[in-house]
């Protein structure tokens with residue numbers, strides 16, 4: 001078994017070795033089959049639609065890299081064409097597209113589907129929840145994947161982890177946030193449970209696709225927005241339409257992305273191609289986190305030192321109130337949906353254990369490293 005996994009890992013690393021920084025215009029952009037592949041009669045053709053612009057740093061590159069890796073590992077037997085948001089369908093239509101069999105796969109984030117399945121929100125990121133490392137542990141070794149599969153089963157969808165952005169930023173604001181009162185009446189782009197928390201504090205949360213954020217801030221349709229972090233925020237040019245850049249990303253401390261797979265299409269694949277899809281997704285999931293960890297550093301430096309962005313921390317009293325309200329919102333929503341309650345309890349149990357361990361490991365080391 002160890003030899004088998006060693007072989008699979010080697011293939012994954014070979015597939016990823018060509019990845020270049022997200023800002024590099026020469027990055028992988030094509031998922032078209034080679035001429036030799038086109039001549040084969042046994043090629044299975046899939047379509048994958050995303051909720052992001054195609055080839056967008058991090059988020060948009062992950063599905064392209066995934067498709068290329070599957071193509072390479074399968075020797076061209078499974079070819080996946082990738083379509084960015086709006087090319088085949090709107091960004092938030094991909095869940096239904098996979099569920100209805102219009103497409104075989106999608107790449108998105110599960111908190112967008114809270115209206116269809118409230119429990120789905122726990123498989124992206126929740127306010128004051130787990131970090132990327134902790135989330136990966138819960139999903140792959142702590143029972144999280146089984147729960148995720150249960151949530152999506154009624155829709156005929158199989159989920160796979162599709163990357164993680166790591167700790168996000170707190171958002172872009174056109175006025176300072178000095179107290180909780182500054183949220184009152186604030187129109188802010190923030191999806192998921194984070195948006196519900198701010199709503200309780202008097203804000204007006206707005207859900208919109210990432211490609212719409214710049215225009216909304218520029219025209220004043222919204223007053224503030226969270227998107228992802230330095231790499232993606234710089235790519236959208238949000239520093240041109242907002243002045244203050246806040247941290248930390250209390251609402252999304254470890255934002256997990258997802259691959260959505262039509263269950264019938266997946267089950268029609270031979271066993272080896274099923275294994276390739278799962279293995280490639282796992283490799284690309286880690287690759288995205290590595291990507292953000294590396295390039296957020298230089299992107300933030302550019303935003304602050306070259307573009308004059310004002311970097312600010314949320315005041316402690318604001319963070320305290322956000323944490324208090326977050327707990328109330330989570331408990332309230334979990335009590336209203338049986339499956340969400342089940343997932344919430346499992347999430348809490350795992351988080352409590354890993355939090356205690358990290359207090360004497362990751363957290364303790366981080367504090368000492370500041371000395």
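Residue numbers (this note's numbering): 1 to 371. In this text, a Cβ means the ideal position worked out from N, Cα and C, and glycines have one as well.
Check: How should residue 215 be labelled, buried or exposed, when 16 other C-beta atoms within 10 angstroms of its C-beta is the threshold for buried?
Finding: Position 215 of the chain shown, counted from the start, is the residue given in the question as residue 215. By the 10 Å Cβ count, residue 215 comes out exposed.
Notebook entry, point to check: What distance in whole Å lies between the Cβ atoms of residue 192 and residue 111, which are believed to be in contact at a cut-off of 8 Å?
Noted result: Here residue 111 refers to the residue found at position 111 when the chain shown is read from its first residue. Here residue 192 refers to the residue found at position 192 when the chain shown is read from its first residue. Between residue 192 and residue 111 the Cβ distance is about 3 Å, and since that is below 8 Å, they are a contact.
Check: Skipping 5 residues on each side, what residues in its chain have a beta carbon closer than 7 Å to that of residue 52?
Finding: For the purposes of this step, residue 52 is identified with residue 52 of the chain shown, where counting begins at 1. The residues are 59, 60, 84, 85 and 210.
Notebook entry, point to check: Hey, quick one: how far does the alpha helix (DSSP H) through residue 342 stretch, first residue to last?
Noted result: If you number the chain shown from 1, residue 342 lands on position 342. Counting along the chain, the alpha helix (DSSP H) containing residue 342 begins and ends at 338-359.
Check: Expressed to the nearest angstrom, what Euclidean distance is found between the alpha-carbon atoms of residue 120 and residue 340?
Finding: Taking the chain shown and counting its residues from 1, the one referred to as residue 120 is at position 120. Taking the chain shown and counting its residues from 1, the one referred to as residue 340 is at position 340. The alpha-carbon atoms of residue 120 and residue 340 are separated by roughly 8 Å.
Notebook entry, point to check: With contact counted as at least three CB pairs below 8 Å, one residue from each stretch, are the stretch 196-212 and the stretch 307-327 in contact?
Noted result: yes
Item checked: CB contact flag (residue 234, residue 299, <8 Å) -> Reading the chain shown from its first residue, position 234 is the one you call residue 234. Reading the chain shown from its first residue, position 299 is the one you call residue 299. Yes, they are a contact pair.
Item checked: Proximity of residue 65 and residue 284 at Cβ, strictly below 8 Å -> Residue numbering aside, residue 65 sits at position 65 when the chain shown is read from its first letter. Residue numbering aside, residue 284 sits at position 284 when the chain shown is read from its first letter. Yes, these two residues count as a Cβ contact at 8 Å.
Next item on the list: Helix, strand or coil for residue 136, going by three-state DSSP, please let me know.
Entry: On the chain shown, residue 136 is found 136 positions in, with the first residue counted as 1. Residue state, collapsed to three classes: helix.
Notebook entry, point to check: In the DSSP assignment, what residue or residues form a beta bridge with residue 172?
Noted result: Here residue 172 refers to the residue found at position 172 of the chain shown. Answer by DSSP bridge pairing, in chain order: 225 and 245.
Notebook entry, point to check: Taking just the CA atoms, how far does residue 292 sit from residue 313?
Noted result: The residue labelled residue 313 in the question sits at position 313 within the chain shown. The residue labelled residue 292 in the question sits at position 292 within the chain shown. Going by the C-alpha atoms only, they are around 21 Å apart.
Checklist line | Beta-carbon proximity of residue 321 to residue 125, cut-off 8 Å | finding: Locating residue 321 in the chain shown gives position 321, where the first residue counts as 1. Locating residue 125 in the chain shown gives position 125, where the first residue counts as 1. Against a cut-off of 8 Å, the Cβ pair of residue 125 and residue 321 comes out as no contact.
Next item on the list: Could you check if residue 176 is buried or exposed, using at least 16 other CB atoms within 10 Å of its CB as the buried criterion?
Entry: As a working note, residue 176 is residue 176 in the chain shown. The residue is exposed, with fewer than 16 neighbouring Cβ atoms inside 10 Å.
Notebook entry, point to check: For residue 114, which of helix, strand or coil comes out of DSSP?
Noted result: Here the question's residue 114 lines up with position 114 in the chain shown. In this structure, residue 114 counts as coil in the three-state DSSP scheme.
Margin query: Beta-carbon within less than 8 Å of residue 31's beta-carbon, same chain only, minus the 5 sequence neighbours each way: which residues are those?
Written below: Start at 1 with the first residue of the chain shown, and residue 31 comes out as number 31. Residue confidence is low: residue 31 scores 49 on pLDDT, short of 50, so the model does not pin down where it sits. No coordinate-derived value is stated.
Next item on the list: Measure the alpha-carbon distance for residue 171 versus residue 75 and round it to whole angstroms.
Entry: The count along the chain shown starts at 1 and reaches residue 171 at position 171. The count along the chain shown starts at 1 and reaches residue 75 at position 75. Going by the C-alpha atoms only, they are around 43 Å apart.
Checklist line | Reduced DSSP category for residue 251 - H, G, I as helix; E, B as strand; rest coil | finding: Residue 251 sits at position 251 when you count from the first residue of the chain shown. Residue 251 falls in the coil class under three-state DSSP.
Margin query: Could you check whether residue 350 and residue 330 sit closer than 8 Å to each other, using their CB atoms as the reference points?
Written below: Stepping through the chain shown from its first residue, residue 330 is reached at position 330. Stepping through the chain shown from its first residue, residue 350 is reached at position 350. In this structure, residue 350 does not lie closer than 8 Å to residue 330 by Cβ.
Check: alpha helix (DSSP H) containing residue 266: first to last residue?
Finding: Within the chain shown, residue 266 is the residue found at index 266, counting from 1. First-last of the alpha helix (DSSP H) with residue 266: 263-267.
Check: beta strand (DSSP E) containing residue 105: first to last residue?
Finding: Looking up residue 105 in the chain shown gives position 105. Run containing residue 105: 105-108, per the beta strand (DSSP E) assignment.
Checklist line | Element boundaries [alpha helix (DSSP H), containing residue 232] | finding: By 1-based counting over the chain shown, the position of residue 232 is 232. Residue 232 -> alpha helix (DSSP H) spans 230-236.
Check: Assuming residue 73 contacts residue 163 under a Cβ cut-off of 8 Å, what Cβ separation, rounded to an integer in Å, is found between them?
Finding: Within the chain shown, numbered from 1, the residue matching residue 73 stands at position 73. Within the chain shown, numbered from 1, the residue matching residue 163 stands at position 163. That pair is no contact at about 18 Å.
Item checked: In DSSP terms, what residue 204 is bridged to -> Counting from 1 along the chain shown, the entry for residue 204 is found at position 204. According to DSSP, residue 204 bridges with 187.
Note to self: Pop quiz: residue 207 and residue 195 are said to be a contact at Cβ under 8 Å. What is the actual Cβ separation, rounded to whole angstroms?
What the structure shows: Here residue 207 corresponds to residue number 207 of the chain shown, with the count starting at 1. Here residue 195 corresponds to residue number 195 of the chain shown, with the count starting at 1. With 8 Å as the limit, residue 207 and residue 195 qualify as a contact, their Cβ atoms being about 7 Å apart.
Note to self: By alpha-carbon positions, which one of 272, 222 and 160 ends up nearest to residue 185?
What the structure shows: By 1-based counting over the chain shown, the position of residue 185 is 185. It is 222.
Margin query: Between the alpha carbons of residue 333 and residue 319, how many angstroms are there, rounded?
Written below: Translated into the one-based positions of the chain shown, residue 333 becomes position 333. Translated into the one-based positions of the chain shown, residue 319 becomes position 319. Each residue's alpha carbon lies about 21 Å from the other.
Check: Since residue 46 is in the alpha helix (DSSP H), which residue starts that stretch and which ends it?
Finding: In the chain shown, residue 46 corresponds to position 46, counting from 1. No alpha helix (DSSP H) contains residue 46, which is instead part of the beta strand (DSSP E) from 44-50.
Next item on the list: Taking 8 Å as the cut-off, decide whether the C-beta atoms of residue 260 and residue 159 are in contact.
Entry: Here residue 260 corresponds to residue number 260 of the chain shown, with the count starting at 1. Here residue 159 corresponds to residue number 159 of the chain shown, with the count starting at 1. Yes. Within cutoff.
Notebook entry, point to check: Buried or exposed: which applies to residue 161, given that a residue is buried once 16 or more other Cβ atoms fall within 10 Å of its Cβ?
Noted result: For the purposes of this step, residue 161 is taken as residue 161 along the chain shown, with counting starting at 1. With 16 or more other Cβ atoms within 10 Å, it is buried.
Item checked: Expected contact under 8 Å - CB spacing of residue 190 and residue 226 to nearest Å -> For this step, residue 190 is matched to residue 190 along the chain shown. For this step, residue 226 is matched to residue 226 along the chain shown. Right, the Cβ-Cβ distance comes to about 5 Å (below 8 Å), so this counts as a contact.
Notebook entry, point to check: Per DSSP, residue 160 forms a beta bridge with which residues?
Noted result: Along the chain shown, read from residue 1 onward, the residue named residue 160 stands at position 160. In DSSP, residue 160 forms a bridge with 259.
Check: Does DSSP classify residue 310 as helix, strand or coil?
Finding: Here residue 310 corresponds to residue number 310 of the chain shown, with the count starting at 1. In the structure shown, residue 310 sits in a strand (DSSP, three-state: E or B).
Next item on the list: Can you give me the Cβ contacts of residue 99 inside the same chain, cut-off strictly under 6 Å, excluding the 5 residues immediately before and after it?
Entry: On the chain shown, position 99 is the one that residue 99 refers to. Here the set comprises 155, 156 and 157.
Checklist line | Spatially closest choice to residue 310 from 255, 245, 151 and 277, by CA coordinates | finding: Here residue 310 refers to the residue found at position 310 of the chain shown. Considering only alpha carbons, the answer is 245.
Check: What residue range is occupied by the uninterrupted alpha helix (DSSP H) comprising residue 151?
Finding: Within the chain shown, residue 151 is the residue found at index 151, counting from 1. Counting along the chain, the alpha helix (DSSP H) containing residue 151 begins and ends at 144-152.
Notebook entry, point to check: Using a Cβ-Cβ distance under 8 Å, would residue 194 count as near chain D?
Noted result: Protein chain content of the structure displayed is limited to a single chain, and chain D is not contained in it.
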